[in-house]
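All remarks here apply to the structure that follows.
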Amino acid sequence: MSDVRVRFAPSPTGFLHIGGVRTALFNWLFARQRQGVFILRIEDTDQSRSTDESIQAILAGMKWVGLDWDEGPFRQTERMDLYRSYAMKLFETGHAYWCVCKAEELEARRKEAEAKGLSPRYDGRCRNLRIASPPGDAALRFKAPQTGQTMIDDLIKGTVVFDNTVLDDLIILRSNGYPTYNFSVVIDDALMGITHVVRGDDHLTNMPRQIPIFEALGFAVPRFGHLPMILGADKTRLSKRHGATSIMAYKDMGYLPNAMVNYLVRLGWSHGDQELFSRQELIEKFSWDHVQKSAAVFNPDKLLWTNAEYIKASPPRQVAQALVPLLEQAGLRKEVEAVSDEWLAQLVVLVKERAKTLVDMVEWVRPYFGQIVTVDEEAARKFLTPTIIPALNKLIVRFEALPAYSKSEWENSFKQLVEEEGMKMGQLAQPVRVALTGRTASPGLFEVMEVLGRDRTLFRLQKGLERASTG
RNA sequence: GUCCCCAUCGUCUAGCCUGGCCUAGGACAUUGCCCUUUCAAGGCAGUAACACGGGUUCAAAUCCCGUUGGGGACACCA
């Protein structure tokens, strides 16, 4: 048992994206390694941007990659009373004050400051007004320290120091009564007993705004860890224009969740030269010491390779299970229902070295469903020609003489015929391949026959022969 | 503009803290060869990096300073 308590706190303003998953993953790994608690918290205090669909998408994404949480999901909008009471506590203890500046005025002043090349900070004009009974549309501001320094020993970045002179008084309660992020985060992290706040390093500059709030309220300050960003190929922050950023898009593209996790964890973390890790190994080997400090470029090629490795190494039945929904989407529902799980697993074994994604795999696997195979026209024109008729005929006769399919027997029979006819292996193999699979590229011929079974093999060879005769 | 963070092959990274073992290792991608009934997979080999400039030291990828470059933050967004 340990007292580690960490959290993943996304805001529900869109889908669960790649960067979010990686942040969640590092938190989850740390919690599992230390037998701590992983909490899921939904930060939905911006009522204009938060949606229920987003919450569902986040939960679905977390489940897909197998990041289970121990507490939550909590929603900040269900904790409003808490934020308000702590905000009032800050007011009563003199750590906060009412601000009657209008949003539009603040906006205008900020723009003005920017135009002059100054820091767009709040000038603190309401700080000493001592407004005791504010109008309904006042906001509450926290009195930030104006001298000294705020520092942390970051899990990843090491010592980070800010001069408090750069701070301004941030709003903690909006005029509509809703708390702002920097405030609700502190209250929740404190109340939920979070021991390690691990988040993206775009939050690093929020740290000096949050720590004084912890202190003003007498809360213990947690440890922080700021993860580097994930960048697109152009080295700017990963966004829609870099292609898919939603984790679920990768499910649709045929990626395995474990492959996603493996790729993402290696983006910014390493364990010597090792590239592939089981979930258990990840939990055992994870360490903050080996988390990179600098941003990483998302590399789709390497993700694809990782996925291919997982397709090859995962239990075939498990891959088959993940493949079924895609097969059904591809219009093979009836065909899939007609076959056994074992046979599907066999099919996976047949093609797993060729498919880099499940979507790829659907195409590789398609010829093995149904009695008849759709033959590629160009392939037929090239290989199912009259010249192949005699050899194909003899092959069928020989195969028919063999009562049951046996890989070695059929292969020997095939090779013997090739030799007797004075052909090259490929001269007979390619026409047979086209007859059997409809294509010029396929897995090994005799593995294909095994999956097809004796009857369908014979049937398709016969069809191929007819095709060669009619042209 | 101000503040913060960062800097090893095209990309992900090992090495850096605790200088010599670094002629800088691995992986992806890429090129060539091998294997081969096709396509893959696999095997072998190759190209490719310490951002720059100063220090410190017998010795610097490693420690220090500066420069440059990149990223992030400066909201009644999170």
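The first sequence begins at -2 in the numbering used here and counts up one residue at a time. C-beta: ideal position from N, C-alpha, C; glycine also.
Query	Result
Opposing strand residues paired with Phe35 [DSSP bridges]	Val3
Three-state secondary structure assigned by DSSP to His200	helix
Beta-carbon contacts of Ala342 that lie in its chain and below 6 angstroms, excluding the five residues immediately before and after	Pro313, Arg314 and Ala317
Cut-off 6 angstroms between Cβ atoms - residues of its own chain near Ser410, not counting five sequence neighbours on either side	Arg395
Reference Ile36, options Lys412, Thr74, Thr90 and Leu188, closest by Cα	Leu188
Distance between beta carbons of Val294 and Gly265, contact taken as under 8 angstroms	That pair is no contact at about 11 angstroms.
Pro383 burial status per 10 Å Cβ neighbour count (16 or more: buried)	exposed
Phe221 beta carbon less than 8 angstroms from that of Val194	yes
Spatial distance of Arg106 from Leu56 (CA atoms)	40 angstroms
Cβ neighbours of Met85 in the same chain (closer than 8 angstroms, five flanking residues each side left out)	none
Completely contained beta strand (DSSP E) runs for the region 365 to 440, where each covers 3 or more residues	none
Close-in-space but distant-in-sequence residues of the same chain around Ala469 (CB under 8 angstroms, 5 per side omitted)	Missing from the structure shown is residue 469; the chain here goes from -2 to 468 and no further.
Top-ranked residue by Cα proximity to Val346, from Tyr260, Tyr365 and Leu22	Tyr365
Gly155 versus Leu26 - alpha carbon distance	20 angstroms
First through last residue of the alpha helix (DSSP H) which encompasses Ile308	Pro297 to Ala310
Simplified DSSP state of Gln541, which is helix, strand or coil	It is not possible to answer for residue 541, since the shown part of the chain is limited to -2 through 468.
Selected residue, minimal CA-CA separation from Pro322, among Thr303, Lys282, Ala377 and Lys248	Lys248
Collapsed DSSP secondary structure at Trp266 in the structure displayed	strand
Gly11 to Tyr402 span [Cα, whole Å]	54 angstroms
Best match in Asn203, Tyr178 and Asp166 for proximity to Val481 [C-alpha to C-alpha]	Outside the displayed range of the chain (-2 to 468) lies residue 481, so it cannot be described from this structure.
Nearest neighbour of Met250, chosen from Arg276, Gln277, Asn304 and Leu201 [CA to CA]	Asn304
Euclidean distance between Cα positions of Tyr80 and Ala230	41 angstroms
DSSP-derived helix/strand/coil call for Gln44	coil
Cβ contact (3+ pairs, closer than 8 angstroms) linking the region 362 to 382 and the region 443 to 458	yes
Where the alpha helix (DSSP H) through Arg464 begins and ends	Arg451 to Thr467
Terminal residues of the beta strand (DSSP E) in which Asp151 lies	Gln146 to Asp151
DSSP-derived helix/strand/coil call for Leu344	helix
Beta-bridge pairing of Glu447 - partner residues as DSSP gives them	According to DSSP, which records beta bridges pairwise, Glu447 is partnered with nothing at all.
Endpoints, beta strand (DSSP E) assigned at Phe529	Beyond the ends of the chain as shown, which are -2 and 468, falls residue 529; an answer cannot be given.
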